[in-house]
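Here it is, written out as structure tokens:
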């Protein structure tokens with residue numbers, strides 16, 4: 105014989121079933137969140153861009169390969185507006201970051217790359233001060249970073 109289920113028991117059973125479903129949805133959402141974060145950390149586009157930038161401008165310093173020549177360094181003061189995590193690279197090596205907005209860097213003759221990949225907004229980087237004797241970059245020069253890598257020359 106089948107026992108008659110009271111209204112309270114039926115309500116309690118519905119609450120427990122609802123709790124189980126909510127827990128399953130939360131576990132599924134957590135798993136999806138972890139997978140999404142892992143895919144952002146290993147973004148194939150970022151990997152491709154970094155490899156392509158190394159191919160386009162290989163980190164060869166021919167002036168330092170000449171016997172007995174030392175490289176002269178100039179001090180540049182860069183300011184990002186607004187402050188953002190922009191890497192400053194020269195010859196494939198990071199020479200500074202603009203996370204605090206303003207940074208002094210020591211640069212040698214050649215190209216400097218400002219890496220703004222992954223930024224959601226357009227950032228302007230201004231050369232506030234350059235060491236005397238430099239033709240490029242000139243003081244108050246502004247480089248616009250639309251979420252990509254931009255280069256400028258350092259030449260005496």
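Residue numbers (our numbering): 105 to 260.
Virtual Cβ for every residue (Gly too), placed ideally from N, Cα, C.
- Cβ-Cβ distances below 6 Å link residue 157 to 253 in the same chain, with the five nearest sequence neighbours on each side left out; the list follows chain order.
- Of the candidates 176, 221, 175, 221 places its Cα closest to the Cα of residue 192.
- Per the coordinates, the alpha-carbon of residue 225 lies some 7 Å from the alpha-carbon of residue 251.
- Note that the stretch 241-250 does not touch the stretch 201-209; fewer than 3 beta-carbon pairs, one per stretch, sit closer than 8 Å.
- The Cβ atoms of residue 184 and residue 127 lie no closer than 8 Å to each other.
- Remark: C-beta atoms of residue 210 and residue 249 do not approach each other more closely than 8 Å.
- With 16 or more other Cβ atoms from the protein chains shown falling within 10 Å of its own Cβ, residue 229 counts as buried.
- In terms of Cα proximity to residue 219, the closest of 235, 212, 195 is 195.
- Sixteen is the threshold: since fewer than 16 other Cβ atoms of the shown chains lie within 10 Å of the Cβ of residue 245, the residue is exposed.
- Inclusion of residue 212 and residue 255 in the CB contact set at 8 Å is not warranted, their separation being larger than that value.
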